[in-house]
Amino acid sequence: LDEKNCSDPGGPLNGYRRVVEDTGLLNGRYAKIGTVIAFFCNNSYVLSGNEQRTCQDDGEWSGKQPICIKACREPKISDLVRQKVLPMQVQSRETPLHQLYSSAFSKQKLDIYPTKKPALPFGDLPPGYQHLHTQLQYECISPFYRRLGSSRRTCLKTGKWSGRAPVCIPICGKAENITLQKTVTSTRWPWQAAIYRTANGVKENSLRKGAWILICSGALVNERTVVVAAHCVTDLGKTIVLKTAELKVVLGKFYRDDDRDEKTIQNLRISAIIVHPNYDPILLDSDIAIIKLLDKARISSRVQPICLSSAQDLTSSAEDLKIMVTGWKVLADIKDPGYKNDTIRMGAVRMVDSLLCEQQYEDNGIQVSITDSMFCAKQDHTAFSNICPAETGGIAAITLPGKASPELRWHLMGLVSWGYDKTCSLELYGGYTKALPFKDWIEKNLK
Numbered sequence: 009l010d011e012k013n014c015s016d017p018g019g020p021l022n023g024y025r026r027v028v029e030d031t032g033l034l035n036g037r038y039a040k041i042g043t044v045i046a047f048f049c050n051n052s053y054v055l056s057g058n059e060q061r062t063c064q065d066d067g068e069w070s071g072k073q074p075i076c077i078k079a080c081r082e083p084k085i086s087d088l089v090r091q092k093v094l095p096m097q098v099q100s101r102e103t104p105l106h107q108l109y110s111s112a113f114s115k116q117k118l119d120i121y122p123t124k125k126p127a128l129p130f131g132d133l134p135p136g137y138q139h140l141h142t143q144l145q146y147e148c149i150s151p152f153y154r155r156l157g158s159s160r161r162t163c164l165k166t167g168k169w170s171g172r173a174p175v176c177i178p179i180c181g182k183a184e185n186i187t188l189q190k191t192v193t194s195t196r197w198p199w200q201a202a203i204y205r206t207a208n209g210v211k212e213n214s215l216r217k218g219a220w221i222l223i224c225s226g227a228l229v230n231e232r233t234v235v236v237a238a239h240c241v242t243d244l245g246k247t248i249v250l251k252t253a254e255l256k257v258v259l260g261k262f263y264r265d266d267d268r269d270e271k272t273i274q275n276l277r278i279s280a281i282i283v284h285p286n287y288d289p290i291l292l293d294s295d296i297a298i299i300k301l302l303d304k305a306r307i308s309s310r311v312q313p314i315c316l317s318s319a320q321d322l323t324s325s326a327e328d329l330k331i332m333v334t335g336w337k338v339l340a341d342i343k344d345p346g347y348k349n350d351t352i353r354m355g356a357v358r359m360v361d362s363l364l365c366e367q368q369y370e371d372n373g374i375q376v377s378i379t380d381s382m383f384c385a386k387q388d389h390t391a392f393s394n395i396c397p398a399e400t401g402g403i404a405a406i407t408l409p410g411k412a413s414p415e416l417r418w419h420l421m422g423l424v425s426w427g428y429d430k431t432c433s434l435e436l437y438g439g440y441t442k443a444l445p446f447k448d449w450i451e452k453n454l455k
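Be aware that the sequence shown starts at 9, since it is given in our numbering, and climbs by one per residue.
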């Protein structure tokens with residue numbers, strides 16, 4: 009009896025076929041029963057249909073002959089990006105020749121315009137692929153983020169996508185409208201991070217062991233990074249960095265009392281503490297450090313980063329800048345009747361000349377050296393204030409036009425670094441670490 013054979017089905021257009029090893033042979037135009045053929049497509053084409061066909065006992069091949077279709081693999085996107093596949097539409101573009109031909113050959117005008125889709129093999133694509141000329145549209149899943157990269161990408165003949173991959177990054181420096189003249193104690197500062205230390209290492213009889221005490225404020229600059237004064241994360245007067253387990257970061261906080269903010273706050277663990285290599289704990293020069301968060305901060309109306317400013321942003325002279333200092337009263341007395349309702353403190357300050365600052369300290373019997381990485385400021389008489397920067401420890405911010413839009417955004421100006429312990433008179437000068445000289449260092453550690 010003649011054994012039945014299958015005739016060679018050939019490879020798909022823009023593709024090829026191969027016999028799967030050890031399943032049989034393709035002799036000339038025929039294949040033995042049991043032979044398995046696998047199909048492949050050339051670059052920028054994707055197989056639609058059966059990937060393999062087997063020569064069956066009846067001399068027929070299993071399945072259907074696949075085809076190769078021009079397609080693009082869907083680009084990877086993050087969870088923060090929402091992707092929408094737009095319905096196919098022919099993009100009619102005119103070259104200069106269109107006008108020439110349509111005026112010269114008015115009767116043939118209709119043949120020129122692509123009213124129909126180009127006749128390309130069309131079939132079902134495997135998941136994760138899109139047809140030629142498909143457009144993908146991107147937006148961020150939340151209003152607290154802005155998109156970088158393309159808003160639309162088109163599948164090209166090369167199998168690649170046009171444009172650039174979209175990423176969504178948190179919008180920085182956006183806070184409610186704040187007028188410095190009015191009392192605005194209800195303002196929330198969404199980048200303000202509360203830094204806590206365990207009471208274990210602190211010799212304090214009144215604190216129970218294992219309690220957390222608020223020691224400083226930091227500034228959230230992205231989902232994983234908080235900028236803080238170096239003296240907050242080191243042993244007093246030394247460069248020895250505290251252990252990550254001794255500290256925690258709390259975001260979304262408003263009230264000084266830890267029990268009052270429960271719904272909005274995020275308690276975050278720390279993965280690393282990076283103190284600036286030039287930090288001098290005696291002079292408090294380069295008093296700046298970075299806290300890396302183990303868990304990403306969840307961006308919301310209550311938790312958002314502050315912007316970092318660059319040199320060209322600061323156009324007006326330093327003395328004219330209205331700087332806002334925000335922080336919690338670190339030395340708050342729990343027994344104080346107002347403690348339960350005490351919220352984040354704020355006040356406007358103005359920069360003062362370094363020489364005046366050194367002089368004031370000298371008059372009070374204190375020697376200070378003001379370096380290029382510091383500035384001095386005193387409270388602004390004309391604006392609202394309920395803060396004493398020297399006893400609060402906080403962050404200094406200014407408003408500048410944003411990079412992505414002209415509306416004003418808050419930028420990190422500095423960190424409260426030092427002062428001297430006197431009643432908080434408006435005339436006292438406080439010392440701050442400037443953020444600007446450390447911008448490159450901060451950005452290098454943002455990853």
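Even glycine gets a Cβ: it sits at the ideal position worked out from N, Cα and C.
Beta-carbon spacing of residue i, residue j below 9 Å
{"i": "V333", "j": "L259", "result": "no"}
{"i": "Q64", "j": "C14", "result": "yes"}
{"i": "A202", "j": "S225", "result": "yes"}
{"i": "V257", "j": "L292", "result": "no"}
{"i": "L140", "j": "I77", "result": "yes"}
{"i": "I314", "j": "L444", "result": "no"}
{"i": "T166", "j": "S52", "result": "yes"}
{"i": "G245", "j": "I290", "result": "yes"}
{"i": "C396", "j": "I378", "result": "no"}
{"i": "A6", "j": "I296", "result": "Within the shown structure, residues of the chain are numbered from 9 to 455, placing residue 6 beyond reach of any answer."}
{"i": "K251", "j": "Q200", "result": "no"}
{"i": "Y146", "j": "V89", "result": "yes"}
{"i": "P198", "j": "S294", "result": "no"}
{"i": "V54", "j": "L133", "result": "yes"}
{"i": "N58", "j": "G71", "result": "yes"}
Of the residues the options, the one placed nearest residue i, counting alpha carbons only
{"i": "W418", "options": "C180, M96, P17, S86", "result": "C180"}
{"i": "I281", "options": "D361, I298, P289, I290", "result": "I298"}
{"i": "G422", "options": "A227, G346, S56", "result": "A227"}
{"i": "K455", "options": "N394, I314, T233", "result": "T233"}
{"i": "R358", "options": "N349, Y146, F392, D371", "result": "F392"}
{"i": "W220", "options": "D265, G245, I177", "result": "D265"}
{"i": "W426", "options": "L250, V376, Y153", "result": "V376"}
{"i": "Q73", "options": "L33, K92, P20, G32", "result": "P20"}
{"i": "H389", "options": "E399, P409, L363, G355", "result": "G355"}
{"i": "I177", "options": "V338, E68, V54, P151", "result": "P151"}
{"i": "E415", "options": "D295, K182, L255", "result": "K182"}
{"i": "Y153", "options": "D448, D361, E231, L222", "result": "E231"}
{"i": "D269", "options": "K304, D350, L339, Q91", "result": "D350"}
Residue i, DSSP secondary structure in three states
{"i": "A391", "result": "coil"}
{"i": "T400", "result": "helix"}
{"i": "P104", "result": "helix"}
{"i": "D65", "result": "coil"}
{"i": "Y109", "result": "helix"}
{"i": "W197", "result": "coil"}
{"i": "A238", "result": "helix"}
{"i": "E254", "result": "helix"}
{"i": "K168", "result": "coil"}
{"i": "F152", "result": "coil"}
{"i": "E29", "result": "coil"}
{"i": "K447", "result": "helix"}
{"i": "T123", "result": "Because the pLDDT at T123 is just 49, under 50, the model does not fix this residue reliably, and the point stays unresolved."}
{"i": "A219", "result": "coil"}
{"i": "K261", "result": "coil"}
{"i": "A207", "result": "helix"}
{"i": "T191", "result": "For T191, the predicted structure reports a pLDDT of 49, less than 50, and the residue's modelled location is therefore unreliable. A value from the coordinates is still provided. T191: coil per DSSP, three-state reduction."}
{"i": "L118", "result": "Confidence at L118 is low in this model, with a pLDDT of 48, below 50, so its placement is unreliable and the value that follows should be read with caution. Helix."}
{"i": "K452", "result": "helix"}
{"i": "T233", "result": "strand"}
Beta carbon proximity, residue i to chain C, threshold 9 Å
{"i": "K12", "result": "Within the model displayed, chain C is absent; a lone protein chain is all it includes."}
- request: Please go through the segment 337-384 and give each complete beta strand (DSSP E) segment of 3 or more residues, from N-terminal end onward.
  value: 353-360
query: Are the segment 383-394 and the segment 433-444 in contact at 8 Å, needing three or more beta carbon pairs?
result: Judged by Cβ distances under 8 Å, the segment 383-394 makes contact with the segment 433-444, as three or more pairs qualify.
message: When you compare the segment 96-105 with the segment 73-81, are there three or more beta-carbon pairs, one atom per stretch, that lie closer than 8 Å?
response: The answer is no - the segment 73-81 does not touch the segment 96-105, with fewer than three Cβ pairs under 8 Å.
Inter-stretch contact at 8 Å, needing at least 3 Cβ pairs: the segment 101-110 / the segment 148-162: no
field: Every unbroken alpha helix (DSSP H) inside the segment 269-322 [4 residues or more]
entry: Taking 4 residues as the minimum length, the segment 269-322 contains no alpha helix (DSSP H) run wholly inside it.
field: contact_flag[the segment 35-49, the segment 16-26] where n(CB pairs < 8 Å) is 3 or more
entry: The segment 35-49 vs the segment 16-26: in contact.
field: beta strand (DSSP E) runs wholly inside the segment 33-99, at least 3 long, in chain order
entry: 38-40, 44-49, 53-56, 60-62, 75-81, 89-94
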